[in-house]
Amino acid sequence: MRDLIDRSEPAPRPLGPALAKGWRRRCPHCGGGHLFDGYLTVRPACDICGEELHHHRADDAPSWLTILIVGHLVAPLMISAYQLFDLPMWAHAAIWPVLALTGVVILLPRVKGGVVAFQWAHRMHGFEAETNAAAAR
Ligand SMILES: [Zn+2]
């Protein structure tokens with residue numbers, strides 16, 4: 195008897211291009227629409243292709259990843275500068291927090307775009323269905 199239920203896996207979504215689009219803060223599906231409405235608020239849907247983006251569950255992952263990256267960049271620089279140069283403590287207190295905060299401000303939306311794109315590419319948290327507006331087109 196013929197099985198009427200389609201049990202085939204959905205087509206895989208390429209991870210690399212999706213991550214690149216997310217890093218550029220663009221829709222992981224089309225790469226044209228803006229992913230964020232403001233600094234970190236993910237749009238409910240792409241304004242160009244209609245891909246539903248509200249499924250994401252980025253939660254604290256972008257913050258943790260950003261701290262991990264910035265910490266691994268700034269801490270070695272700070273330790274090296276402390277060992278190599280005879281800077282006064284006020285200079286260290288002025289340089290490193292500003293450098294760390296600048297890195298966080300620059301990286302956080304890009305990392306969050308990457309996390310949302312990762313979830314989209316792996317069809318996590320509601321991104322798995324082809325029933326959203328983009329698939330209907
Ligand atoms: Zn789109």
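Counting along the sequence shown from 1, when you hit position 123 you're at 317 in the working numbering, and nothing is skipped either side.
Think of the CB as a built atom: it goes at the ideal place given N, C-alpha and C, for glycine as much as any other residue.
Nearest-angstrom Cβ-Cβ length linking residue i and residue j, presumed shorter than 8 Å
i, j, result
"residue 249", "residue 321", "5 Å"
"residue 224", "residue 245", "7 Å"
"residue 295", "residue 256", "Their Cβ separation, rounded to whole angstroms, is 16 Å, which puts residue 295 and residue 256 out of contact at 8 Å."
Cβ-heavy atom distance, residue i to ligand 1, below 8 Å
i, result
"residue 265", "no"
"residue 411", "Nothing in the structure corresponds to residue 411, since the chain is present only between 195 and 331."
"residue 244", "yes"
"residue 249", "no"
"residue 225", "yes"
Assigned secondary structure, residue i (DSSP; H/G/I helix, E/B strand, else coil)
i, result
"residue 228", "strand"
"residue 214", "helix"
"residue 304", "helix"
"residue 311", "helix"
"residue 255", "helix"
"residue 325", "In this prediction, residue 325 scores a pLDDT of 48, lower than 50, which makes its location untrustworthy; the coordinate-derived value is nonetheless stated afterwards. If DSSP states are grouped into helix, strand and coil, residue 325 belongs with coil."
"residue 205", "coil"
"residue 238", "coil"
Residue i versus the options, residue with shortest Cα-Cα distance
i, options, result
"residue 222", "307, 258, 291", "307"
"residue 253", "236, 204, 299, 246", "236"
"residue 291", "245, 315, 219, 269", "269"
"residue 213", "318, 312, 316", "312"
"residue 243", "226, 259, 251, 258", "226"
"residue 240", "319, 314, 318", "314"
"residue 271", "256, 293, 300, 261", "293"
"residue 217", "310, 317, 319, 318", "310"
"residue 318", "263, 275, 251", "251"
"residue 297", "323, 274, 265, 275", "265"
Residue i at chain C interface by Cβ criterion, 9 Å
i, result
"residue 290", "The displayed structure is made up of one protein chain only, and chain C is not part of it."
Spell out a yes or no on whether the segment 272 to 290 and the segment 225 to 242 are touching, meaning 3 or more CB-CB pairs, one atom from each, closer than 8 Å. no
Do three or more CB pairs link the segment 283 to 301 to the segment 209 to 221 at distances below 8 Å? no
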